[in-house]
Amino acid sequence: MDCWYSSDPGLPYGWEIAVDKKGKPYYINHVNKTTTYENPRKDDDEAPPQPREVELFRHPELGFGFVAGSEKPVIVRFVKEGGPSEEKLQSGDQILKINGEDVFNAKREHVIDLVKSCKNSVVLIVCQPHSNNSTRKSALLTASKKAKLKSNPSRVRFAEGVVINGSPLYCPSPFESCVPFIPNVLKVFLENGQTKTFKYDSSTTVQDVMNSLLEKLSIKSSQYFSLCVEHIKSMRRNKLILLDPKDTLQKIAARPGAHNLRCLFRIAFVPKDAFELFEKDATSFEYLYVQCCNDVVHERFSPELKYEIALRLSALHLFQHAISNGMLSSGGKVNLKAIEKECGLEPFIPHSLLDTMKRKELHKILNHFLKQNQQLCPPGQKSLTALQAKMHYLKVISELPSYGSKMFPTNIRDSSIESALLVSPKYGISHVTSLRHSLPISLAKIEDVSSVLVTKDDELCYTVEIQLKGSNSPPLHFGLEDKDAEEFALILQGYHRLFSDCNNDEYDPIPILWDVGESWWTDSAPTYNGQHLVKIAPWSYLSPNAGKLRKIDFGVPPPPYSP
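What follows is the structure, encoded as structure tokens:
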């Protein structure tokens, strides 16, 4: 059930309203026994995306210009640059009909055969998936948001944004939506495939978990790492959000939709020079390399990472695996079939390419790139070393604008064009007007930021003012959504610390002033196991009293049930 008949029919399943001592409403989640001031109904009025009819004409070399994967429904995974599908299809589009035939529940092979059978053109009905509004709303532009923007262009959104959700405290994998709830237990997923489980109480913070993980993994360079959350039901695998190290786990668990997210331990702040990281902390370097390999396989860089580059990276990964495991022939060649027989191609190739490409064609392209790897050898060297293969891999990844960066939908004052704010180790603080047709416009270096002021415009929108070093540098002004502003501050502080020429003990953080009054991240609702003044609801109290207030003590368990 997604909704129930409570005192407010808009509340999600398992929630009810209570009032604190000041008369301020807060929300009780009986599913995971938490409380929060954050309204779980914020986005219930969001209209679902509407289907679109798209006609594509076959290109002699690029075909219809897209790669599909998954099934029931089949989803557009990649859109080839310069192909017939560019600006018509979007990554994540669900294919609903092909030339009038309903294929929503059809198998992937049938859908692909239908498209391939079209000699000249094909008519598709596609639709972006409806976002799960029981969690924090997406910064991606949905159909209803675009309609709102046309009537109110002063508040501009950008299509490639950052989703801010709650905490992924309870889900063991991104593919399981229903798992047993374990109170006060946090499971953290590592990039090496391991998981670490932590019991927590009301005082346990994100930083406490970070410190434990850094110690267990023998990581010296803590400044690169962060805990992040990921929505397990998201069609896009690049929707991650940083957690504030000062937040308590209990507070994060109380956010609406926390049961639909999971927690990851990641390198969130990437180094400018991977080799310097290797010399300083080989463990962190290895973690970065494995993380990047996983991101390619799980398509976190999609749609930015084109499939040709993805296969080039896969070939480097295969080459490194062969070197590290003694699988190179005497002539320095990689036996692709031997690797596939031993461990399969799944750990090396993006899933959508494995699903859609013929195995013979895939082998041909991979062998081509494996031969090209030999050209990367320094003079006088017969074959790359494992470290050199990793360095080349990270060099290719680092050229992607999204590598280590975060993008936030925004509006710039005195501007009515669609835009976004990019914080990146490569481009600094930049302005982006189009992901496909323009490079980021650099506005300031991260290390030149002297202070940040955040002021509240309304319930959802904040204004961010960035002061720069130097008397001649005017401040930068941006409009951000409320929770985007918090993550913007976190990533700005993280990279500012990384790029500042000082030791960690000497680092002076950027002053960030929050002039926003009481907010969801500055106060905590009364704890679940205590007394509450609840708004009576028919589902749990006698209907004649509906709408009134009643004092309830959830610290006292209910009496034993006797039939």
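Each residue of the sequence shown is one higher than the one before, starting from 147 at the first, in my numbering.
Glycine included, C-beta positions come from ideal geometry on N, C-alpha and C.
| query | result |
| --- | --- |
| Counting along the chain, where does the beta strand (DSSP E) carrying S267 start and finish? | 267 to 273 |
| Among residues of its own chain, excluding the 5 on either side of E199, which ones have a beta-carbon nearer than 7 angstroms to its beta-carbon? | V269, I271 |
| For the structure I just gave you, are there three or more beta carbon pairs, one from the region 249 to 259 and one from the region 524 to 540, closer than 8 angstroms? | no |
| Apart from the five residues just before and just after S280, which ones in its own chain have a Cβ nearer than 8 angstroms to its Cβ? | Model confidence at S280 stands at a pLDDT of 39, short of 50, so the residue's coordinates are unreliable and nothing is read from them. |
| Please report the residue range of the beta strand (DSSP E) in which K602 lies. | 595 to 602 |
| Straight-line CA distance for Y608 to H514? | 51 angstroms |
| Buried or exposed: which applies to F304, given that a residue is buried once 16 or more other Cβ atoms fall within 10 Å of its Cβ? | With a pLDDT of 22 at F304, under the threshold of 50, the modelled position of that residue is not reliable, and the figure given next carries that caveat. Buried: at least 16 other Cβ atoms inside 10 Å. |
| Would you kindly check if the distance between the Cβ of V702 and the Cβ of A164 is under 8 angstroms? | no |
| Three-state secondary structure (DSSP) at E162? | strand |
| Which class does S372 belong to by DSSP, given the choice of helix, strand or coil? | strand |
| Tell me whether C409 is buried or exposed, calling it buried when 16 or more other Cβ atoms sit within 10 Å of its Cβ. | buried |
| How big is the Cα-Cα spacing for S313 and L373? | The pLDDT assigned to S313 is 32, lower than 50, so where the model puts this residue is not dependable; a value taken from the coordinates is nonetheless given after this. So the two alpha carbons sit approximately 10 angstroms from each other. |
| Which residues does DSSP pair with V225 in a beta bridge? | F212 |
| Can you grab the Cα-Cα spacing for the pair P496 / V222, in whole Å? | 14 angstroms |
| For the alpha helix (DSSP H) that I592 lies in, which residues bound it at each end? | Here I592 belongs to no alpha helix (DSSP H), and DSSP marks it neither H nor E. |
| Would DSSP call N175 helix, strand or coil? | strand |
| Evaluate the contact criterion for the region 464 to 483 versus the region 416 to 428: three or more CB pairs, one atom per stretch, below 8 angstroms. | no |
| Could you tell me whether the Cβ atoms of L512 and A461 are closer together than 8 angstroms? | yes |
| Roughly how many angstroms separate the alpha carbons of D603 and E632, rounded to a whole number? | 15 angstroms |
| Below 8 angstroms, can you find three or more Cβ-Cβ pairs linking the region 433 to 452 to the region 474 to 483? | no |
| If you count every other CB in all the chains shown that lies within 10 Å of the CB of H377, and 16 or more means buried, which is it? | buried |
| Can you tell me where the alpha helix (DSSP H) with A566 in it begins and where it stops? | It is not in any alpha helix (DSSP H) - A566 instead sits in the beta strand (DSSP E) that spans 565 to 570. |
| To which residues of the same chain is G490 closer than 7 angstroms at the C-beta, ignoring the five residues directly before and after it? | none |
| Comparing alpha-carbon positions, which option in F210, L568, C439 lies nearest S548? | L568 |
| Look at P275 and Q240 and say whether their C-beta atoms are less than 8 angstroms apart. | yes |
| Can you have a look at L499 and say buried or exposed, based on whether 16 or more other CB atoms are within 10 angstroms of its CB? | buried |
| Thinking C-beta only, is L638 closer than 8 angstroms to V600? | no |
| Could you round the C-beta distance between E593 and S544 to whole angstroms and report it? I think they count as a contact, below 8 angstroms. | Going by Cβ atoms, the distance from E593 to S544 rounds to 19 angstroms, so no, they are not a contact pair. |
| Looking at the secondary structure, which residues open and close the beta strand (DSSP E) in which L407 lies? | 407 to 413 |
| Tell me the rounded alpha-carbon separation between D501 and D259. | 13 angstroms |
| Which whole-angstrom value is the C-beta distance of A590 and L622, which I expect to be below 8 angstroms? | 7 angstroms |
| Please report the residue range of the beta strand (DSSP E) in which V680 lies. | 677 to 681 |
| DSSP state of M503, grouped into three classes? | coil |
| Thinking C-beta only, is I365 closer than 8 angstroms to T429? | yes |
| Helix, strand or coil for R458, going by three-state DSSP, please let me know. | helix |
| Quick check on A535: buried or exposed, where buried means 16 or more other Cβ atoms within 10 Å of its Cβ? | buried |
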